[in-house]
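S.K.:
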Amino acid sequence: MLKTVLAAPTVGNGPFTFVVPGQETWTILSLVATVQRGAGGTPNRSYLLTFTDSANAVALAPAADAGTEPGTGTITWANAPAAVLAAGSIVTVLAPLPLLVLPSGYQIVGTIERAAVADQWATALVWVEFTYS
Amino acid sequence: MPLTTELVTNPPPGSEWVYAVPGQYIERIFGILATLNTAPPPPLILADASGHARNGTYAGVGPGAITLGVPGMVTGDTAVSLAAQGYPPGFYVDVPNTAFTTSGGAFTVEYWVNGRVRAEFFGVSTTVQLMGCAIDLNLGRQQIFTGNAGDLTAFAPPAAGIPHMVAWRFDGTTYRFYIDGVQISTGNVASIFPWQVPTRYDFSNTSQQFGGGFAGTVLDELAVWSRDIGAARIAAHYAARGTFAGYSAAVLADAPDAYYHLDDVQGANPTRTVALVVTDGRDVIGTYPTLAAVPDSTVEQYTWLPTNSYNVPVPGATVQTVAIPPLVLPSGYTIGTATDQMNVGDQWSDITLWYDYSYTSGGGAIAEPGYRNLLILG
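As they're listed, the protein sequences go chains A and B.
What the first sequence shows, in this note's numbering, is residues 1 to 133, in sequence order.
What the second sequence shows, in this note's numbering, is residues 1001 to 1378, in sequence order.
1) Could you pull out every residue in the same chain whose Cβ sits closer than 7 Å to the Cβ of V58/A, ignoring the five residues on either side in sequence?
2) Please classify R1233/B: does DSSP put it in a helix, a strand, or coil?
3) Note down, one range per segment and in chain order, each beta strand (DSSP E) of at least 3 residues found wholly within the segment 1234-1278 of chain B.
4) May I have the straight-line CA-CA distance separating A87/A from I28/A, to the nearest angstrom?
5) Within the chosen definition, does the segment 1023-1033 of chain B reach the segment 1295-1307 of chain B through at least 3 CB pairs nearer than 8 Å?
6) Closest to A1223/B by CA distance: which of N1138/B, T1075/B and A1047/B is it?
7) When burial is assigned at 16 or more other CB atoms within 10 Å of the CB, is P1089/B buried or exposed?
8) Could you say which of Q107/A, N79/A, T111/A and E113/A lies nearest to W26/A if we only look at CA atoms?
9) With a threshold of 7 Å on Cβ separation, who are the neighbours of P1325/B within its own chain once the five nearest residues in sequence on each side are excluded?
10) I'd like to know whether the C-beta of D119/A is nearer than 8 Å to at least one C-beta of chain B.
11) Against chain B, does R37/A count as a neighbour if the rule is that its beta carbon must be under 8 Å from one of theirs?
12) Does the CB of A1020/B have a neighbour CB from chain A at under 8 Å?
13) Skipping 5 residues on each side, what residues in its chain have a beta carbon closer than 7 Å to that of A103/A?
14) Can you tell me the Cα-Cα spacing of P1295/B and G67/A, whole angstroms?
15) Taking L1139/B as part of the beta strand (DSSP E), name the residues at either end of that continuous run.
16) Considering only their Cβ atoms, is the gap separating A1167/B from Y1175/B smaller than 8 Å?
17) With 8 Å as the threshold, decide whether the Cβ of G1230/B is near any Cβ in chain A.
18) Looking at C-alpha atoms only, which residue of L2/A, M1/A and A7/A is the closest neighbour of T123/A?
19) Should P1002/B be labelled buried (16 or more other beta-carbon atoms within 10 Å of its own) or exposed?
20) Helix, strand or coil, according to DSSP, for A1020/B in the structure here?
21) Taking the straight line between their C-alpha atoms, what separation do you get for Q1341/B and A1231/B?
22) Given this structure, state the Cα-to-Cα distance separating A1235/B from E1110/B, to the nearest angstrom.
23) Taking the straight line between their C-alpha atoms, what separation do you get for D950/B and G1023/B?
24) Helix, strand or coil: how does DSSP classify P1330/B here?
25) Would you list, in sequence order, the uninterrupted beta strand (DSSP E) runs of no fewer than 3 residues that lie entirely inside the segment 43-119 of chain A?
26) If you run the structure through DSSP and keep just helix, strand and coil, what is R1176/B?
27) What are the boundary residues of the beta strand (DSSP E) that R1028/B is part of?
28) Cβ atoms of V35/A and L147/A: under 8 Å apart, would you say?
29) Considering just the uninterrupted stretch of the beta strand (DSSP E) at M1165/B, what are its terminal residues?
30) For N1055/B, name the three-state secondary structure that DSSP assigns.
31) Hey, is V1319/B's beta-carbon within less than 8 Å of any beta-carbon in chain A?
32) Contact criterion: CB-CB distance below 8 Å. Does L1327/B meet it with respect to chain A?
33) Could you pull out every residue in the same chain whose Cβ sits closer than 6 Å to the Cβ of I75/A, ignoring the five residues on either side in sequence?
34) From which residue to which residue does the beta strand (DSSP E) around T27/A run?
35) Any beta-carbon of chain B closer than 8 Å to the one on E69/A?
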C-alpha cells in the first residue's frame, strides 16, 4: 500500500523527523523537502538525511545546495542519479537514495548542514510503500 | 532475520578497517557507514640556511596570523607577513637554543621589516622575557628593553611603504642600532642585558611601547650572531641588497649562527583515495571507489548504498554516497577499505554495517515483504 506522510513543522533551522510507526514497515520511495535558505550562511551549505535504528545511524543521504541567498529550495531524495539546478535563488536538487526498507522504530532525520540562522525547512513529505508487520 | 546494525571496532590510526562475515552466517548488506579523519599537514618548518641545521618552528600562530610566500624584502625572495594582531605577539619563531653560544656576551641581530615590529627574545622560560626591541619605522621610534627597563629613541622615519634593514649590535657593554646600514642610536645598557641563551624570538606588529596594531608588517631574512660583527659588515650586507643571491652571500660570509630566510612553505601530505574492497576471504571480488580524493585535516563521511554515487562537499566535512551493488555475503567474506596514501595519523571511525542475515546450516531463504524470495543453498 502507498501513502504519504508529512513531517511536523520544524523550529528555526532545526531538523525534521519521520518515525516509522509501530507494526509498520516502510519502503522509502521518495522524500521531498522544501527549504527557506537564509542569507549569510556558510558557503557550501548541504542537506543530509540520516537513517537510524533509533540508536545508531545506518545510512546517510547527502544533497548539495546551489543558487543565491536568500532563496528557496526543493530537495528530492529518490532512487535516481544526482542532479542540481539553480535559477537565481530558486534551487531544485535530486539526491540518490536506495529503496530502503525500514522497520518500525527507525527514524529519518533531515538536517541542514552549515546552516544560516534564517534557514528553515518549510515542508517535508515522505512517500512510502508500507506493510503491516 | 531482522535488520541488524553492527558497529565495527575502530582500527588503530593509520590502519584500514575490515569486517568478516562470521561463520555459518549469510549477510545481505543494506548499507555501510564509515568516517575518515585525515591527519593534519606536516609541521611548518622554519628552515635554517646557516648550515648549522638549527631549524625552528613557527609557534603561537592563530588562524590568519601569518601569511607565507609574500614578496620579500630582497628581490627574488619571499617573506612572511603578519596580520593585525593585538599584544601578545602574532607569531613566535622557536629556535633550538644552540643558535647562541655565549651567555651574557655580545650578539648581532639583523632582519628586514616594513612598518612596525616588536621582536622579543625569550629563554627556556617562555614567560620571562630576556630582552626585546620594538621599532616603528612609521613613527620613528625604537626601544630596546627588558622587563620595564629600556631605552627609547626617536629618529627621523625612513621612507614609508618600502622595506628597511634593521640591525642591532651588542658588544657586552654598548648597543648600537641601525636602519639601512646606518647607526641611528647607541647606549650603554649592560644592566638591561643580563641575558641568557634565548630559545625563542617572537614577533608582533603591535607594541606595548607604541600602542595599537598594524596590519601588513612583513618580516624577512632573520640572521643572528653570538658575537658583534661590527658596523662595516652591517653596511656590507645592506650594500649587497640588490639581489637575493648577493645579500644572502654577504650574510653567509659572516658565518651567522642561524639564518632564516622566512620563505618557508606549508607542506601537505599526499591526498588519499578510498575504495571499498570485498573479498571471498582470498580473492578480491569487487572494488568500489569513492568519488573524491581527501586532503589533510578533513572529516570525510562515507555511506555505501545500493544506489548512485554522489559527492556533496562541505569544507572539512564532506559526505559521499558511494554506489555498491546488492551484496549477499557468505561467512568468511570480508568488507573493508583500501586507502591509498594513508597517513599514520589518519583514523577510520564510526564504522557501521546494516544488514539482515540467515544461517547457512541446513539452507534457508530470506524473504521479506517487497523483496523476491532469495533461496540460499546450505
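Where a beta carbon is used, it is the ideal one built from N, C-alpha and C, also for glycine.
In this text the structure is predicted, and so the values were computed from the model without any measurement.
M.R.: Reading from the atomic positions:
1) Within the same chain, V58/A has close Cβ partners F51 and T52.
2) Note: R1233/B maps to helix in three-state DSSP.
3) Positions of the beta strand (DSSP E) runs, each at least 3 residues long and wholly inside the segment 1234-1278 of chain B, are given as 1258-1260 in order along the chain.
4) Within the model, the alpha-carbon separation for A87/A versus I28/A is close to 29 Å.
5) These segments touch.
6) Just measuring C-alpha positions, the residue of N1138/B, T1075/B and A1047/B sitting nearest A1223/B is A1047/B.
7) Any answer about P1089/B is weak, because its pLDDT of 48 lies below 50 and its placement is not dependable; what the coordinates show is given next. Classification of P1089/B: buried, given that the 10 Å Cβ count is 16 or more.
8) If we check each option's Cα against that of W26/A, Q107/A comes out closest.
9) Sequence-distant partners of P1325/B (beyond 5 residues in either direction) whose C-beta falls short of 7 Å from its own C-beta, in its chain, are P1306.
10) By this cut-off, D119/A is not an interface position.
11) So, not an interface residue.
12) Not closer than 8 Å to any Cβ of chain A, the Cβ of A1020/B fails to qualify, so no.
13) At residue 103/A the sequence reads Pro, which differs from the Ala that was named. V20, T25 and S133.
14) The straight-line gap from Cα to Cα measures roughly 26 Å.
15) Unbroken run through L1139/B: none, as it is neither H nor E.
16) In this structure, A1167/B does not lie closer than 8 Å to Y1175/B by Cβ.
17) Put simply, the CB of G1230/B is far from chain A, with every gap to its CB atoms at 8 Å or more.
18) Among L2/A, M1/A and A7/A, the Cα nearest to that of T123/A belongs to A7/A.
19) Classification of P1002/B: exposed, given that the 10 Å Cβ count is below 16.
20) Assigned with DSSP and collapsed to three states, A1020/B falls in strand.
21) Each residue's Cα considered, the two are about 53 Å apart.
22) The straight-line gap from Cα to Cα measures roughly 11 Å.
23) The requested residue 950/B does not occur in the structure, where chain B is confined to residues 1001 to 1378.
24) For P1330/B, the secondary structure class from DSSP, reduced to helix, strand or coil, is strand.
25) Correct list: 46-52, 57-64, 71-78, 83-87, 90-96 and 107-113.
26) Note: R1176/B maps to strand in three-state DSSP.
27) R1028/B -> beta strand (DSSP E) spans Y1025 to N1037.
28) The structure shown does not extend to residue 147/A, since chain A spans only 1 to 133, so no value can be given for it.
29) Element bounds for M1165/B: H1164 to F1170.
30) Residue state, collapsed to three classes: coil.
31) At least one CB atom of chain A sits nearer than 8 Å to the CB of V1319/B.
32) Not an interface residue.
33) Cβ neighbours of I75/A beyond the five flanking positions: A33, Y47, A63 and V93.
34) Taken as a continuous stretch (DSSP letters only), the beta strand (DSSP E) holding T27/A covers E24 to R37.
35) Not closer than 8 Å to any Cβ of chain B, the Cβ of E69/A fails to qualify, so no.
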